[in-house]
Structures are given as C-alpha cells and as structure tokens.
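The structure appears right after this line, and notes come after that.
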Amino acid sequence: MGLTFVFLIMAIIYLPILLLVFLSFSDGLDFYVQLFTTSEYMSAVGNTLLIAVVASVIATIIAAMAATGILYMGKRTRAVTMAVNQLPVINADIVTSFSLVLLFVSVGLANFGLLKLLLAHILIALPFCLLTILPKMRQLDANLIDAALDLGASPFKAFTSVIIPQLVPAMLQAFLLGFTLSLDDFVITQYNNSGVPTISTVIYGAISRRDIPDAFKALTTIIFIVILIVLVVMNLNAARVRKGIKINRKLVAGILAGILLLTGAGVIPVIINNLTPRSMVLKVYNWEDYIETELLDEFTDSYREQLAKQGVPNADKFRIEYHTFADNEELYSKINTQHADYDLIFPSEYMVEKMAQDGLLQTIDMTRISDEVELDQSILDRTKPFTDVYDANNNLVANQVWAIPYMIGTLGIMYDTRVIEKMADETKIDLDKFETLLTQYGFGVLFGEGGTTAYEGRITMKKSARDSIAIAMIYSAQKDNNPSGEIKNAIYMDQTDGAGNYDNRLLQNIINMNGDYDIEDARKVLMEQIITMDPTYENDNGKKSFMDPNDDKFAYGLFWSCDAGLAMYELMEESEDGENPLRYYAPNGTNLWTDNFAIPTYAQNTDAAYAFINFLLDDENAARNIDYVGSQMVAVGEAIDDLKADYEVPDDLDNSSADNVDGIFNPDINYACTVFPNADNVTYAAIMKNFDAQKEKAVNTLIVEVQNKNAQHTEDAVNSVNWFGIIIIVFASASLAWWLIYKLTHRRPRLKPAPLLPEHKA
Amino acid sequence: MKKINFNTRSLFALPYVIYMFIFVVVPLFMLFGFAFFGENGFSLDEATAFFTDCSQWATIGRSLRIALTAALSCILIGFPLAYIIAKIRSKTVQYMILMALVAPMWINGLLRTIALKELSTMINFEAGETLLTLGLIIDYLPFMLMPIYLVITGIPKSYLEVSADLGASPMVTFFKVVLPLSMSGIISGFLMVFTPAVSTYYMSEYLGNQSTFMIGEQLNIMFTKDNKSGAAVIALVLLALVGLSVFIANCVSRIGNNKKQGGLA
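Chains as they are written, first to last, in my numbering: chain A, 5 to 766; chain B, 3 to 267.
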C-alpha cells in the first residue's frame with residue numbers, strides 16, 4: 005500500500021519527462037545527432053555543466069571552511085551569520101536574481117559573462133552546502149584540531165589534513181546538492197546572463213517562438229539514462245556492502261572519473277571556443293527562428309575562404325556564435341544593462357531609435373555595403389525617420405545609417421477557420437460572415453464590433469505592451485468620430501496630402517500617442533475589452549495553441565505577420581495536402597514593423613558583421629531566407645521576383661473591400677499575402693516611434709494593469725472558483741487552528757522526564 | 003576550547019562571510035535604494051503607485067492563494083511520502099527512492115514545466131489554476147520531502163518503542179509522537195515550497211491562463227521593461243511576504259513546541 009503511493013507519486017513526477025524521452029525518438033536518432041552537431045546546443049550544455057561543477061566545487065570548499073570557522077565564532081556572530089545564511093535559502097529566486105542584477109550593474113561588472121554566472125551560481129549552492137556540512141562538522145571531535153595545532157600544524161595544514169578527510173562524505177553530499185540546484189536553476193541564470201548560452205536560456209529563447217528544441221528532448225533522455233545508471237550503481241554498491249565486501253573505492257573512483265570525463269567532454273569544447281581570438285568569432289543576436297540556419301553554415305564557409313585569401317592565419321577557425329532573444333526589451337537590457345559584446349543585432353524600429361539615442365549603436369557605413377546589393381527604395385523611404393544619422397549641427401550625414409531594415413511585416417489578425425466554423429451555430433457567424441466583418445471592422449473584431457462579442461473568452465492579445473496598445477489606439481480613433489466602428493469612415497483613412505496621396509501622419513500620431521491622442525484612449529477600450537471579450541494576453545504561447553489541431557480554445561487573435569506566416573508554414577509542412585486552417589488578415593490602417601541590422605557600440609568584430617549583412621542581402625540568399633522565415637526582406641532582385649511568382653502573390657489587391665473576399669481570403673494566396681504585405685497595407689500603415697521615459701512607463705504600467713484587471717475579472721466569473729484550493733486551504737487552516745488551540749489549552753507543566761539513556765542524548 | 007587562537011580559527015569563515023556580505027547583504031540594501039531613491043533623491047512615488055492600485059492587491063491575494071494551495075498540498079503528499087520512505091527497512095532502497103524523486107531536478111526546471119504543459123495539451127487538460135497548482139506541487143515536492151524525511155529519520159526508535167510500551171496504539175503514537183516531532187521539518191518544508199511558489203513567473207506563464215496573473219510575473223514584466231525601481235518595490239513586497247510567512251511559521255512552531263526556541267531548518 006505504502007509503496008504503491010510512492011510509485012504513484014514517482015510516476016506523476018516522471019510522466020512529463022517520459023513524454024520527452026518518448027518524443028526524442030520520433031525522428032529516429034536525428035535529434036541526438038542534432039544535439040551533438042549543433043554548436044549552439046553543445047556550448048549551452050558545456051557552459052551549464054561548467055558553471056554547475058565549478059560553482060558547486062567552490063561553494064563546497066568555502067562552506068567547509070566556513071563550517072570550521074563558525075564553530076569557533078562567538079555566539080552572537082554565529083547567530084548573525086546563520087541568519088544571513090538563511091536569507092538566500094528562503095528568499096524568492098526572482099528577488100535574489102533581481103538584487104544580484106542591481107549589484108552587478110552598480111559595480112560595472114555587467115559584461116563579465118561567464119564569471120558573473122559563476123558568482124551567481126555559487127550563491128545558489130553556498131547556503132545549502134553550509135547547511136549540509138555544518139551538522140557533520142558539529143559531530144567532529146574538536147580536540148582533533150586542537151591536537152593538530154598543538155603538534156605544530158599550521159591552521160591551513162590542520163584544515164586540509166585533519167578536517168577535510170573527515171568531512172568528505174558531507175562535502176560530497178553538499179557538492180551534489182549544489183550541482184543539482186545549479187542545473188535546475190532558470191531564473192538566476194536568465195536574469196544575470198549577458199550572452200553566455202546555457203541550457204535554460206537556449207530553451208527560453210526557443211520556446212517563446214516555437215517549441216522545445218528537439219535536441220533538448222534528446223538531452224532529457226540522456227539525463228534520464230544517467231539517473232537510471234546512478235540508481236543501478238547505488239543498488240549494486242549496496243549489494244556488495246550486504247555481502248560484506250567493503251565499499252569498493254575503485255568503483256566510486258570510477259564513477260567520479262566517469263562524471264569528470266563526461267563533464268570534460270562537454271566543457272573542453274567551450275574552453276577551446278573561448279580561446280579562439282575574438283576576431284575569429286562573429287557574435288549575432290537575433291530573434292529566434294528568424295534565419296535559414298543553413299545560411300549560417302554557408303556564410304561561415306565563404307567567410308573562411310575570404311579570410312584565407314586575405315592571408316589571415318588560422319582562417320578556418322572562424323565561426324559564428326548565434327544567440328536569440330524573445331523581445332526588443334530583452335535585447336535592450338542585454339546590451340544596455342549587461343554590455344553584451346554582440347557584433348550584429350536585430351532591433352525593431354523604435355528600438356533602433358532608442359538605442360541610437362542612448363549611444364548603444366555604431367552607425368553603419370553604407371559604402372561598405374556591396375554594390376550588388378539592391379534594396380527596396382519604397383521601404384527605405386519609410387524607415388528613413390529612424391535610420392538617418394544627423395551630426396551635432398543637425399545636418400544629415402551622408403552614407404551613414406543607424407540601421408538597415410532586414411525584414412518587414414504588419415500587425416494583424418490571425419484566425420482559425422476550423423474554430424470559427426465549429427462555433428458558427430453558437431455565434432451565428434459563419435466563415436464568410438466573419439471575413440466580411442474583418443474587412444468591415446478591422447481590429448474592431450478584437451473589441452466586439454459587429455456581434456463578435458459572441459467570441460468572448462476565445463481571443464488573444466499580445467503581452468507586448470507597444471503592440472496591444474497601438475491596436476487599442478487605432479480602434480479607439482476608428483470608433484471616435486464614427487459610432488458604427490467601421491474602418492471605411494475612420495478618421496485616419498481619408499487623409500491626403502497636396503498631391504492626393506495618402507498621408508499617414510495622423511495614423512502615425514495615433515499609434516505613437518501624439519497630438520490629440522493619449523494613453524487614456526487605449527486604457528478605456530482595453531478595460532472595456534476585458535468585460536466584453538475576456539481576452540487572453542499571451543507571449544507567443546498562443547501561437548502554439550492555434551497550431552494544435554486538438555486545441556479549440558482560441559478563434560482569433562492579434563499576431564505579427566511573421567508569426568502567422570511561420571505558424572501557417574509549419575502546418576502546411578505537416579499536413580498531407582499542404583493545406584492549413586489558419587488565415588491572416590491585416591486591415592488597412594495598421595502598424596508596419598521592421599526588424600533591422602544594427603551594430604552595437606560594444607561590437608568587436610565589425611568586419612565580419614559587414615560581411616554577414618552583405619551575405620544576407622544578396623538576393624538569392626534573401627529569397628531562401630524569406631521562404632524559410634515567412635516574412636519579407638528589403639532586398640530585391642531576380643531571385644525574389646521568382647519566389648513571388650512561385651507564391652502567386654497578386655500584383656494588385658483591394659484589401660478593404662468585402663467584394664474581394666475571394667482574393668485575400670483565398671486559401672491559396674493567403675499565405676503569400678501574409679509573407680508579402682500588400683501595397684494597401686504598406687501605404688495605410690504607420691511606424692512606431694520611440695517613446696520618452698514618461699510614455700514608456702505609462703504603456704508598461706498600463707499593460708500590467710490590464711492583465712491585473714483581466715485576471716480579477718475572469719476570477720470573479722462564477723465558473724472559475726477554484727474549489728480544490730479553497731478546500732485545501734480551509735482544511736489546513738482548520739487543522740492548524742485545532743492543533744494550536746489544543747496546544748494552548750493543554751499547556752500543563754510537564755513532569756520532569758526521566759534521564760535518558762546515554763545513547764539517546766541527541 | 004577557547005584557550006588558543008580564537009580568532010585564527012574563526013577566520014576560516016572569512017571567505018564565506020565576505021562572499022555573503024557582497025552577494026546577499028549589499029544587494030538587499032540596493033533593493034531599498036532602487037525602490038525609494040529615484041533620480042531626484044528620496045521618493046515614494048513607485049511605492050504609492052503600487053499600493054494605491056487595488057488590482058495589485060488582488061494579484062497579491064491570488065498569488066498567496068495559489069502558493070498556499072500548492073504548499074499545503076505538498077505537505078499532504080510530502081508527509082505521508084516521507085513517512086513511508088523512512089519506514090522502509092533497507093537504507094539503500096530509501097536512498098534510491100529519494101534519489102529518484104530528487105534527480106529530475108537535473109533536467110532544467112523550465113524544460114520540465116514545458117514538458118508538463120505539452121503533456122496537458124496532449125490529454126486535453128486545460129491550462130489554468132489547477133494545472134498551475136499541479137505543476138508547482140510536482141516541481142517543489144522534493145523541497146518538502148527532504149526536510150520532513152530528515153526529521154522523521156532523526157526521531158530515535160526508542161521514542162516509538164516507549165510509546166508502544168506505554169500502551170499507545172500506532173495511531174496515537176503517530177499523532178502524539180511522530181507528528182509533533184516532525185513539525186520543524188514540515189514548517190521548513192512549507193517555507194521552501196511556499197516562497198518559490200508565491201514568486202513564480204515562468205510557471206504561471208506557461209501553465210496558467212489569464213486568471214492566474216501572479217506577482218512574480220509582474221516583477222518580471224517590470225524587469226524586462228527596464229523599470230528597475232518598480233521592480234524593486236515588488237521585490238520588497240515579495241520579501242515582506244516571505245518574511246511574514248517565516249514569522250508566522252516561527253510563532254506556530256514556538257507554540258507547538260511549548261518552548262521559546264523556534265524549529266526552523
């Protein structure tokens with residue numbers, strides 16, 4: 005009975021792990037090959053092991069010394085020391101991590117990479133190591149150390165040859181505990197990482213865009229096997245002991261040597277990597293899944309050749325270190341707070357502006373961009389406001405830019421035709437009707453226009469503050485002068501300049517909250533949206549839910565075109581007939597985003613950065629990249645025209661008319677329209693500007709406030725009472741109260757207990 | 003013992019003391035600095051902004067409720083588990099089971115959380131408070147198990163024998179001897195689970211839904227948006243919550259032991 009319970013719990017704990025183990029074989033041994041051949045993954049594993057081993061060894065040694073010292077401390081000093089030791093033990097991880105960030109930033113250690121992580125991980129292990137070693141230390145015979153000192157040993161000698169040998173078992177335990185805690189940690193590593201890839205940061209980068217990297221499923225299996233081996237060895241060893249054979253020192257030594265060897269195998273490549281001169285490494289920091297990975301290898305090869313031609317020694321040592329981030333702010337804090345030394349980064353438009361202002365970017369010299377590279381002038385015209393460089397006298401500097409656009413796209417609505425159709429009976433909106441509503445109300449469907457309140461609880465918004473709030477601003481302006489809420493008559497749609505062309509300045513003011521438009525407009529509609537639509541604020545997790553054919557939770561939501569393109573592409577690849585249930589629509593009057601090449605001030609290998617920019621902008625490489633990533637690049641050329649022809653991108657498309665439903669909503673070309681924003685979309689779109697500190701704070705506060713309110717609102721709905729939690733809490737508090745009352749009312753003076761037998765004196 | 007060289011020997015603790023001072027004590031003061039000192043000197047703006055917003059209080063309450071549920075469930079599962087394991091005759095089997103229960107931590111916490119999420123989607127179990135609580139329990143159970151196990155195995159066998167000899171049934175022995183003596187383990191286990199649970203952010207992000215927005219997530223948003231003073235205020239609030247729970251736990255264990263000393267870790 006008892007053991008059944010133990011195994012049941014064990015089963016529950018291991019179930020998710022076994023799922024990964026199972027999935028790791030879904031492609032034969034491919035995932036394993038991937039793990040061992042991808043340099044990013046190998047260096048992540050190596051770094052993690054290196055940090056875990058070194059940090060826990062150091063922590064164990066410091067703790068052993070401390071345990072010795074603490075025994076000889078005065079009572080008060082000891083009490084204070086132990087209280088301080090408890091702090092990191094019971095303090096929340098996130099608080100510890102955050103306070104460490106403050107420390108590192110304040111003392112200017114921000115860019116210390118590996119060393120910083122080591123120092124932080126020692127903190128994870130140290131208090132626990134001390135708590136493990138101290139009780140064992142107390143049991144030691146204090147006379148031994150006195151004897152050693154009396155016999156003339158130096159304190160150091162006494163420590164190493166008298167104390168350490170007796171503490172070995174406790175120290176091993178402490179080491180193991182520290183090692184385990186360090187491997188498990190995510191929060192402290194994430195907060196204090198300035199560009200050192202570890203297992204947890206690589207997973208975090210990958211997960212926000214797609215899925216657990218396949219290679220890490222393989223890694224899970226390997227760790228699982230290691231756990232099994234450890235258990236078997238424990239059992240074998242115990243069997244030997246039972247048979248009267250003494251603990252086999254050779255076996256223990258063998259296991260330790262094995263662990264060290266395995267660690268070494270992971271760590272040595274990292275050390276070798278770190279020994280490569282910086283001029284032989286290109287450090288790139290990009291959005292996850294935002295590049296055709298084969299291009300990285302091809303660039304490495306071609307750049308090696310180029311270096312060899314220039315007579316650079318050891319040209320074949322050149323390599324790319326490619327790391328990924330999940331949002332602009334993460335990028336900003338890596339560069340600004342942590343001073344990471346990336347050579348090439350990919351910030352979005354408003355982030356380029358912010359980083360340029362804060363002196364975090366070098367200008368890009370356009371004369372170093374190859375003549376063969378052709379860029380789409382119409383896009384460059386749009387991005388000029390944030391890429392142009394001005395000197396101290398406010399004159400335009402020729403041939404210098406802060407950034408070159410890499411990819412562009414729109415903000416729009418992705419919907420799941422399957423769910424819309426399934427819900428048709430309930431919502432009285434069929435697919436055709438829904439698509440008509442989209443063209444009619446645009447982003448209004450996220451706010452319940454045209455009867456879409458029927459989708460309450462089934463839509464998503466973005467946690468990313470700028471995007472959700474920009475959409476709220478647009479909708480609010482659309483609704484303001486026009487109670488019908490349609491786009492057609494929206495105030496920003498009929499703006500023309502002298503020449504009769506569309507003038508986007510009003511739209512620009514709206515999404516950047518200038519002029520008559522301020523954040524209160526967004527607050528109002530977002531708060532109303534909570535009541536009418538009960539949206540889920542997601543950070544790319546939503547996309548996974550849309551991609552899962554068994555998951556019917558969401559009907560539609562706010563998405564970037566690149567994410568929508570990626571989701572559709574994946575589903576088309578998976579399905580047999582190349583079809584997918586997802587569609588994407590960007591209404592006129594949206595946000596046009598760009599992600600851009602930029603070179604940070606702290607870059608150390610700009611030559612390679614320029615070579616890489618030239619390589620990616622080459623039209624054939626760009627075409628491959630577009631095909632893989634699913635969003636448009638600024639490069640133009642024959643290869644890209646061919647790709648467009650392949651995709652059957654329509655030349656001319658009326659984006660705003662419901663009559664044209666067959667056009668953009670046609671399943672055959674919707675994907676192409678997602679990858680290549682149509683002309684209308686680009687014309688009727690505005691680009692985000694950088695906010696000043698006050699506005700920035702206002703948007704960030706608002707997005708937290710909205711999520712707070714949203715949680716409160718959903719909680720208040722009757723059907724979300726968590727009976728399980730309430731029962732547990734009531735039960736526990738009742739029993740605690742009963743026990744305390746019992747204790748308080750039964751406080752009789754105790755009889756003096758009989759003296760214990762000597763062996764019981766604990 | 004104090005006759006020779008008192009100072010030299012306590013100097014062994016010096017590296018530890020220096021390290022802890024720099025990496026624990028100093029950052030703690032920095033939290034206060036960032037929370038209450040803006041560019042224009044002392045300011046309570048961030049703190050007032052936080053405490054006057056009533057939806058913040060709802061978030062704190064929600065975080066407390068979820069963490070309490072998780073920590074108390076961990077006691078309900080962890081105590082019998084530790085008791086059963088401690089009662090197994092073979093020490094080797096005991097260690098093996100403990101090892102097997104702790105070893106999943108070698109697989110990174112984030113990875114395990116996402117694996118649980120995958121599993122739940124696969125069996126159509128909706129993300130939300132229940133899944134989140136389950137995730138917290140599964141993830142932090144070892145932290146509850148270990149202290150209770152250590153305390154239970156530390157109870158001298160003779161106590162139980164005495165109790166039996168004096169005519170107490172196994173049931174009575176359990177409630178009158180084992181349970182009170184394990185209280186210190188339960189309390190330190192409770193704190194070890196409660197603290198990470200109340201401050202979690204990636205778990206609530208992946209396993210929860212729109213109604214499980216927790217205070218840790220809020221801190222994380224502030225941090226990633228580079229709002230250090232706002233984040234420092236929330237960090238202090240979390241610190242206060244943890245401090246409060248330690249205080250309550252101390253009081254409970256004092257009353258429970260009918261003596262002055264607390265039974266913390």
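Ideal Cβ positions, reconstructed from N, Cα and C, are used throughout, including at glycine.
Check for me: the alpha helix (DSSP H) holding residue i runs from which residue to which?
{"i": "D646/A", "result": "642-651"}
{"i": "W406/A", "result": "Taken as a continuous stretch (DSSP letters only), W406/A belongs to no alpha helix (DSSP H), as it is neither H nor E."}
{"i": "D167/B", "result": "159-167"}
{"i": "N51/A", "result": "43-75"}
{"i": "L596/A", "result": "From DSSP, L596/A is part of no alpha helix (DSSP H) but of the beta strand (DSSP E) over 594-601."}
{"i": "I515/A", "result": "509-515"}
{"i": "K313/A", "result": "297-313"}
So is residue i in contact with chain A if we call contact Cβ pairs under 8 Å?
{"i": "S213/B", "result": "yes"}
{"i": "V153/B", "result": "no"}
{"i": "I140/B", "result": "yes"}
{"i": "A102/B", "result": "yes"}
{"i": "R256/B", "result": "no"}
{"i": "G349/B", "result": "Residue 349/B lies beyond the residue range present for chain B, which begins at 3 and ends at 267; the question has no answer from this structure."}
{"i": "F249/B", "result": "no"}
State buried or exposed for residue i, treating a residue as buried only when at least 16 other CB atoms are found within 10 Å of its CB.
{"i": "A174/A", "result": "buried"}
{"i": "I128/A", "result": "buried"}
{"i": "P201/A", "result": "buried"}
{"i": "S737/A", "result": "exposed"}
{"i": "C56/B", "result": "exposed"}
{"i": "N399/A", "result": "exposed"}
{"i": "G156/B", "result": "exposed"}
{"i": "V722/A", "result": "In this prediction, V722/A has a pLDDT of 46, which is less than 50 and means its spatial position is unreliable; nothing more can be read from the coordinates."}
{"i": "V174/B", "result": "exposed"}
Strictly under 8 Å for the Cβ-Cβ distance: is residue i near chain B by that measure?
{"i": "F410/A", "result": "One point to set straight first is that residue 410/A is Tyr, not Phe, in the sequence displayed. No, its Cβ sits nowhere closer than 8 Å to a Cβ of chain B."}
{"i": "S110/A", "result": "yes"}
{"i": "G3/A", "result": "With chain A represented from 5 up to 766, any question about residue 3/A goes unanswered, as that position is not in the structure."}
{"i": "Q342/A", "result": "no"}
{"i": "F9/A", "result": "yes"}
{"i": "A178/A", "result": "no"}
{"i": "T540/A", "result": "yes"}
{"i": "E333/A", "result": "yes"}
With the cut-off set at 8 Å, would you say residue i and residue j are in Cβ contact?
{"i": "Y560/A", "j": "I417/A", "result": "yes"}
{"i": "I125/B", "j": "T224/A", "result": "no"}
{"i": "A242/B", "j": "F102/A", "result": "no"}
{"i": "D331/A", "j": "S204/A", "result": "no"}
{"i": "Y203/B", "j": "I98/A", "result": "yes"}
{"i": "L286/A", "j": "N609/A", "result": "yes"}
{"i": "I226/A", "j": "L113/B", "result": "no"}
{"i": "I188/B", "j": "I150/B", "result": "yes"}
So for residue i, helix, strand or coil by DSSP?
{"i": "P182/B", "result": "helix"}
{"i": "F322/A", "result": "coil"}
{"i": "V111/A", "result": "coil"}
{"i": "T123/B", "result": "helix"}
{"i": "K693/A", "result": "coil"}
{"i": "F53/B", "result": "helix"}
{"i": "T214/B", "result": "coil"}
{"i": "P20/A", "result": "helix"}
{"i": "Q366/A", "result": "strand"}
Distance cutoff 8 Å, beta carbons only. Does residue i sit that close to anything in chain E?
{"i": "D228/B", "result": "Among the protein chains of the structure shown, namely A and B, there is no chain E."}
Taking residue i as part of the beta strand (DSSP E), name the residues at either end of that continuous run.
{"i": "V285/A", "result": "285-291"}
{"i": "R587/A", "result": "586-589"}
{"i": "Y541/A", "result": "540-542"}
{"i": "Y560/A", "result": "560-564"}
{"i": "V393/A", "result": "392-394"}
{"i": "L335/A", "result": "Unbroken run through L335/A is the alpha helix (DSSP H), 332-340; no beta strand (DSSP E)."}
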